[in-house]
Amino acid sequence: MIYTVTLNPSIDYVVNMNQLTEGAVNRVNTEHFYAGGKGINVSQILNQHEIDNIALGFISGFTGDFIQSSLHEKGIKTDFIQLKEGYSRINMKVKTLSDETEINGSGPKISNEEIEKLYQKLDGLTSEDTLVLAGSIPASLPDDFYEQIMKYVAPKQVKVIVDATKNLLLNVLKYQPFLIKPNHHEIAEMFNVTISSTEDLLHYGNQLKEMGAQNVLISMGGDGAILISETGEIYRSNVPKGTVKNSVGAGDSMVAGFIAGYQKDASYEEALRLGAASGSATAFSSDVATRGYIDELVSQINVTKL
Ligand SMILES: Nc1ncnc2c1ncn2[C@@H]1O[C@H](COP(=O)(O)OP(=O)(O)OP(=O)(O)O)[C@@H](O)[C@H]1O
Ligand SMILES: O=P(O)(O)OC[C@@]1(O)O[C@H](CO)[C@@H](O)[C@@H]1O
Numbered sequence: 002m003i004y005t006v007t008l009n010p011s012i013d014y015v016v017n018m019n020q021l022t023e024g025a026v027n028r029v030n031t032e033h034f035y036a037g038g039k040g041i042n043v044s045q046i047l048n049q050h051e052i053d054n055i056a057l058g059f060i061s062g063f064t065g066d067f068i069q070s071s072l073h074e075k076g077i078k079t080d081f082i083q084l085k086e087g088y089s090r091i092n093m094k095v096k097t098l099s100d101e102t103e104i105n106g107s108g109p110k111i112s113n114e115e116i117e118k119l120y121q122k123l124d125g126l127t128s129e130d131t132l133v134l135a136g137s138i139p140a141s142l143p144d145d146f147y148e149q150i151m152k153y154v155a156p157k158q159v160k161v162i163v164d165a166t167k168n169l170l171l172n173v174l175k176y177q178p179f180l181i182k183p184n185h186h187e188i189a190e191m192f193n194v195t196i197s198s199t200e201d202l203l204h205y206g207n208q209l210k211e212m213g214a215q216n217v218l219i220s221m222g223g224d225g226a227i228l229i230s231e232t233g234e235i236y237r238s239n240v241p242k243g244t245v246k247n248s249v250g251a252g253d254s255m256v257a258g259f260i261a262g263y264q265k266d267a268s269y270e271e272a273l274r275l276g277a278a279s280g281s282a283t284a285f286s287s288d289v290a291t292r293g294y295i296d297e298l299v300s301q302i303n304v305t306k307l
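According to this note's numbering, the sequence shown is numbered sequentially starting from 2.
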């Protein structure tokens with residue numbers, strides 16, 4: 002079974018407007034509410050690929066109810082821990098003619114007792130299971146929470162995938178995650194360098210591998226993605242034609258597509274192809290992508306070996 006963990010789920014309030022003016026009353030052209038959070042997005046796209054999975058994490062309040070019910074309406078299995086206090090956050094995503102701006106909430110406080118409940122859910126995991134840890138760690142949890150989880154499940158040899166930024170990611174590498182998916186900006190930030198070529202990306206991507214990651218998938222938004230596989234092969238994917246509607250969740254969709262492609266026949270090439278199609282299909286949709294659209298884009302994805 003695949004378990005996704007979203008420590009800080011959200012309602013993504015996605016609005017479109019011509020322009021955003023600071024210090025003024027702005028009015029939107031369109032507005033949509035979606036269940037969000039990186040692990041939850043991974044679950045949604047896995048579901049589109051008909052891959053059985055369960056979304057774990059913490060929810061609370063009326064916003065938490067919305068998140069849970071909208072996932073259930075889409076047929077996504079959840080096993081969230083209901084927090085006693087607070088509200089799941091609302092993350093505002095503003096798409097204008099020229100930009101995308103995000104204002105992400107901080108989320109509710111999580112008590113030690115509630116953290117314990119998450120560990121109890123992880124107790125049943127085995128080497129047959131995959132755990133996806135994705136997204137930021139809420140302020141009420143320790144910064145090394147992903148590390149703690151990975152240490153906890155390490156004896157069970159669970160396959161772990163981590164999509165997180167900076168130190169959160171660097172610190173888990175010693176537990177040899179099966180896959181990490183930084184984007185090119187995150188790589189530059191992690192190593193405090195300027196990336197100006199594919200060679201630079203490969204250099205730092207290989208360093209992440211040497212530090213413990215089995216597979217390193219580097220996404221580059223509209224410039225596609227590069228995979229450094231555990232066997233040392235390097236693949237690059239292009240992006241298909243389309244118009245970006247809302248790129249929020251493209252990275253999460255890529256992770257889910259990668260898992261789906263890899264599950265087919267353990268081919269990294271196929272994993273990257275389906276990952277790239279899933280990422281772009283979400284970038285070209287207002288919500289996360291549908292299977293129909295992903296399938297439509299797959300034929301436009303070229304994966305080349307570098
Ligand atoms: N503008 C775009 N046009 C086409 N494809 C895109 C675009 N943006 C993203 N994608 C696809 O989605 C993949 C992941 O996108 P990106 O690199 O933006 O991830 P990310 O930074 O983790 O995104 P997010 O945090 O918004 O989920 C890309 O490698 C590409 O395949
Ligand atoms: O605040 P975090 O946890 O870093 O990111 C949360 C978030 O921006 O990530 C998803 C897109 O990747 C959205 O659905 C969600 O709002």
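Note that the Cβ used here is the ideal one computed from N, Cα and C, for glycine as well. Since this is a predicted model, take the numbers as computed values, not measurements.
Counting only the Cα atoms, M191 lies some 15 Å from S137. Beta bridge pairing from DSSP links F34 with Y14.
Close CB contacts of N216 within its chain, under the 6 Å cut and outside five residues either way in sequence, are with L180, S230, E231 (chain order). Uninterrupted beta strand (DSSP E) stretches at least 3 residues long and entirely within the segment 72-102 occur at 90-96, given in chain order. At a cut-off of 4 residues, the continuous stretches assigned as alpha helix (DSSP H) that sit fully inside the segment 111-171 are 113-123, 146-154, 167-171. Per the Cβ contact rule, the segment 139-157 is not in contact with the segment 91-106 (fewer than 3 Cβ pairs under 8 Å).
Comparing C-alpha distances from N30 to each of K175, G38, L21, A36 shows the shortest one belongs to L21.
Taking a 10 Å sphere around the C-beta of V26, we find fewer than 16 other C-beta atoms and assign the residue as exposed. A distance below 8 Å separates the beta carbons of A36 and I12. When distances are taken from the beta-carbon of V249 to the heavy atoms of ligand 1, the shortest one is below 7 Å.
Cβ neighbours of S220 within its own chain (closer than 7 Å, five residues either side excluded): K182, N184, A226, G252, M255, G280.
By the Cβ-count criterion, K39 is buried, with 16 or more other Cβ atoms from all chains shown falling within 10 Å of its own Cβ.
Minimum Cα-Cα distance from L275 among the listed residues P241, E114, D288, F34 corresponds to P241. With a threshold of 16 other beta carbon atoms within 10 Å, A214 meets it and is buried.
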